[in-house]
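Residue numbers (my numbering), protein chains in the order written: chain A, 281 to 653; chain B, 281 to 653. For reference, the structure discussed in these notes is given below.
Protein chains: 2
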Amino acid sequence: MTVAFAIEAADGAARRGRLTLAHGSVATPAFMPVGTAATVKALTVEQIRATGAEMVLCNTYHLMLRPGAERIAALGGLHRFMNWGGPILTDSGGFQVMSLAQLRAIDEDAVTFRSHIDGSSHRLTPERCIEIQRLLGVDIAMVLDECTSYPATIEVARESMARSMRWAGRCRRAFADRHGHGLFGIVQGGVHPELRRESAEALRAIGFDGYAIGGLAVGEGQDEMLRVIEATVPHLPAEQPRYLMGVGKPDDIVEAVRRGVDLFDCVLPTRSGRTGQAFTWDGPLNLKNARHADDPRPLDEHADSPASRDYSRAYLHHLVKANEILASVLLTWHNVGFYQALMRELRAAIAGHRLAAFAQAFLSRYRASSPAV
Amino acid sequence: MTVAFAIEAADGAARRGRLTLAHGSVATPAFMPVGTAATVKALTVEQIRATGAEMVLCNTYHLMLRPGAERIAALGGLHRFMNWGGPILTDSGGFQVMSLAQLRAIDEDAVTFRSHIDGSSHRLTPERCIEIQRLLGVDIAMVLDECTSYPATIEVARESMARSMRWAGRCRRAFADRHGHGLFGIVQGGVHPELRRESAEALRAIGFDGYAIGGLAVGEGQDEMLRVIEATVPHLPAEQPRYLMGVGKPDDIVEAVRRGVDLFDCVLPTRSGRTGQAFTWDGPLNLKNARHADDPRPLDEHADSPASRDYSRAYLHHLVKANEILASVLLTWHNVGFYQALMRELRAAIAGHRLAAFAQAFLSRYRASSPAV
């Protein structure tokens, strides 16, 4: 294995670990802010670092289309391109092809699609997917998979999962081990426990540096998502990192950590920051709401971040109403900072063997609020 | 006088000074970034400070309409509202009423207009203009004036200027001296030297903490603008600060400093930063241009600012093409930093009695480039 993962403490199924990669180490459970097009939208790298985030995710689909993997390689790789010195994980592009591209078609060899940017035609094989992620020079690459549609019959889910497993094998063969650079497999199988187990076992047989749970947060609801996690985790290697892709809301993350997940990514804190929504320990707030217009309180007076501490809700309301760029900057900065603070609290709770109490206290306070007022 | 201005060095008509105000002191010649709606668009206050900017300008017109002067006062004043601890100057709103508001009408008592935001009706007298700026708590307030249209016959320009002088007297009476808070008069008179002299003398007779030259950069061209400055400056008190409103391009500023101007503001560095334009010592660049797509050089490797030094032109080109918020952030940060670096160079050149040589070297290099490629 070229990726080192050390489990430093455990509390029930949850683990407090450290993932060591080519560009640094990451305390887990960790949340990766999403930097789709080589930028965590609205934030400078100094602001990302100030939140405590140690690793970011970028999207292979977006970067292969613009500015192009060969161009980024010629400019010294993705880390240098975006001026982010810490670890980077890229997804494989499979999910975005399904959700964003046009005229997509899957055959056994590859996925073919047209760019949502300029209509140009592209063909992504498992081998090309790995080549792109190598050109980018990322710390963790993901295998190309097919994100099974939801809902799907067990027959459709099985066929889709089986192809993803064949593609996982091709990705593994295309990926030569390099010190500190790792490749993660992705468990598919829809909401069917037996398919998830089968997929997990297929991936273990191939052997990866870590194992992702894919195809969730696509409309199945939190209860179903947690059931799938519970049905999958026991079939993954205990000593390797587990990554729940594209999840999620703060309460999703707390529940998934309790079930043994180590890594997360989601656009929620960044996307919400651009639409006037702020996450707080008392639930989400919608800063557009007129009730904030005269409120002198900051979003979180106890936070380290200037965005959370140094600006009144009244000012943030004003910036949102005036459609100012600084609204997106400050709310994104605050939200990413909130997610990182939550992960710090979760790590401390695991190390202190008090995760159940922390989770109960967090969830009851967080869920007591009305949604986004 | 409640505003202290010390001239520390002179070189020809140019002065190197220090303006001391309620919220700090400002080395002059100084450029104020424009923070229209209580935010220098796209920048945090930490980024503004990092450029070396010591003072910002906000727009009375925008703030009176949204979020309202009384609301800002209740929240502790404009400095606290926008989390900017340094000096703030507000314009009077007169210029924006003419350029932005709807259904405007001027009579001897006031200007009446409809808000461009919600169509609400407002009446701005000289006395209300001063009251608003007091509620905001700014370091320097400006008198309400009428920005004479361009071109204007001498009769129209005289009548407009004469009303502005009567309003200047009303503003002065409405403004009670407060320690460190100052009021500046505004010279009008179009492009007519005799009207400019008459206006300057009328303002001196009233007595202000500083004197602005208004009604320029409205289409008259640089040569005409410089002629008006030359015709105005000799009639202003030598020991008080001179402020050229709304100017300008880097070469405008160099030429105006040589003619004795101490203060500037302009939306150019911030607005250009949101449209892909970057200022450099070799002239402006348009980062949208495909020739930057593979360029590994930063905008200015010798600059202190991360925005200027730590990102390639290729990356900035990518961000601009992808319409990313970070493009606006980094280019605005760079541009405001460039303007501040130019002001530092100008101050050092005056102190070293080498302004003419500096100006010649700067202008020949800056103007040698093709415009914005």
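For each residue, glycine too, the CB sits at the ideal point set by N, CA and C.
Proximal chain B residues relative to residue i, where beta-carbon distance stays under 8 Å
i	result
K321 (chain A)	E604, I605 and L606
V547 (chain A)	Within chain B, no residue comes near V547 (chain A); the closest Cβ sits about 14 Å away, beyond 8 Å.
Where residue i meets chain A, residues with beta-carbon distance less than 7 Å
i	result
N363 (chain B)	D590 and Y591
Residue i: contacting residues in chain B (beta-carbon distance under 7 Å)
i	result
P313 (chain A)	What P313 (chain A) touches in chain B: nothing, since even the nearest Cβ is about 13 Å away.
Closest by C-alpha distance to residue i, when choosing among the options
i	options	result
A654 (chain B)	B:E478, B:P517 and B:M362	Within the shown structure, residues of chain B are numbered from 281 to 653, placing residue 654 (chain B) beyond reach of any answer.
M623 (chain B)	B:S400, B:K529 and B:E326	B:K529
D291 (chain B)	B:V537, B:R346 and B:Y591	B:V537
L524 (chain B)	B:V377, B:P517 and B:D532	B:D532
R522 (chain A)	A:A480, A:Q376, A:A636 and A:A607	A:A480
E474 (chain B)	B:R507, B:E500, B:F488 and B:V498	B:R507
I486 (chain A)	A:K568, A:R450 and A:E326	A:R450
A594 (chain A)	A:P586, A:N603 and A:A570	A:A570
L355 (chain B)	A:D575, A:A602, A:R360 and A:A636	A:D575
R453 (chain A)	A:S429, A:I434, A:A432 and A:R408	A:R408
H342 (chain B)	B:P514, B:V314 and B:G366	B:V314
Y430 (chain A)	A:R438, A:L424 and A:V423	A:R438
A497 (chain B)	B:V527, B:M422, B:S401 and B:H472	B:V527
L383 (chain B)	B:G399, B:T370 and B:D371	B:G399
L424 (chain B)	B:S401, B:T370, B:E435 and B:V436	B:T370
H359 (chain B)	B:L415, B:H402, B:V377 and B:M378	B:L415
D590 (chain B)	A:A302, A:R645 and A:E326	A:E326
E478 (chain B)	B:E500, B:S644, B:G499 and B:S440	B:S440
Presumed contact (8 Å Cβ cut-off) between residue i and residue j, rounded CB distance
i	j	result
A294 (chain A)	A631 (chain A)	No, A294 (chain A) and A631 (chain A) are not in contact; Cβ-Cβ is about 10 Å, not under 8 Å.
R476 (chain B)	A511 (chain B)	5 Å
I493 (chain B)	R539 (chain B)	Going by Cβ atoms, the distance from I493 (chain B) to R539 (chain B) rounds to 10 Å, so no, they are not a contact pair.
T308 (chain B)	D542 (chain B)	4 Å
H614 (chain A)	S588 (chain A)	5 Å
I397 (chain A)	M344 (chain A)	Actually they are not in contact, since the Cβ atoms of I397 (chain A) and M344 (chain A) sit about 11 Å apart, beyond 8 Å.
G304 (chain B)	G357 (chain B)	So it is not a contact: roughly 15 Å between Cβ atoms.
F311 (chain B)	F544 (chain B)	5 Å
C-beta atoms of residue i and residue j nearer than 9 Å
i	j	result
I410 (chain B)	L337 (chain B)	no
T340 (chain B)	G373 (chain B)	yes
A381 (chain A)	S395 (chain A)	yes
W364 (chain A)	I420 (chain A)	no
R296 (chain A)	V306 (chain A)	no
L611 (chain B)	L548 (chain B)	no
H605 (chain A)	S608 (chain B)	For the sequence presented, residue 605 (chain A) should be read as Ile rather than His. Taking 9 Å as the Cβ cut-off, I605 (chain A) and S608 (chain B) qualify as a contacting pair.
C427 (chain A)	F375 (chain A)	yes
Q520 (chain A)	G495 (chain A)	no
V283 (chain A)	H461 (chain A)	yes
Q557 (chain A)	E535 (chain A)	no
A448 (chain B)	A482 (chain B)	yes
T324 (chain A)	P586 (chain B)	yes
I434 (chain A)	H472 (chain A)	yes
A648 (chain B)	R346 (chain A)	no
A637 (chain B)	A629 (chain B)	yes
L626 (chain A)	L635 (chain A)	yes
Neighbour list for residue i in chain B, Cβ cutoff strictly below 9 Å
i	result
A317 (chain A)	H598, L599, A602 and E604
R571 (chain A)	None at all; the shortest Cβ gap to chain B is about 14 Å.
Contacts of residue i in chain A (Cβ-Cβ under 9 Å)
i	result
A381 (chain B)	Those within 9 Å of A381 (chain B) in chain A number zero; the least Cβ separation is about 16 Å.
P586 (chain B)	T324, V325, E326 and N363
Within chain A, the residues that residue i reaches when beta carbons sit closer than 8 Å
i	result
A594 (chain B)	P347, R351, L355 and F361
D574 (chain B)	R351, A354 and L355
T340 (chain B)	The contacting residues do not exist; T340 (chain B) stays about 15 Å from chain A at best.
V609 (chain B)	A322, T324, I605 and V609
Cβ pair count under 8 Å reaching 3, the segment 324–340 of chain A against the segment 558–567 of chain A: no
Inter-stretch contact at 8 Å, needing at least 3 Cβ pairs: the segment 388–399 of chain A / the segment 611–629 of chain B: Look at the beta carbons and you see the segment 388–399 of chain A not touching the segment 611–629 of chain B: under three pairs across the two are nearer than 8 Å.
contact_flag[the segment 575–586 of chain B, the segment 542–555 of chain B] where n(CB pairs < 8 Å) is 3 or more: no
Three or more C-beta pairs below 8 Å linking the segment 437–451 of chain A and the segment 462–477 of chain A: yes
Three-pair Cβ contact test at 8 Å for the segment 584–604 of chain B versus the segment 349–361 of chain A: yes
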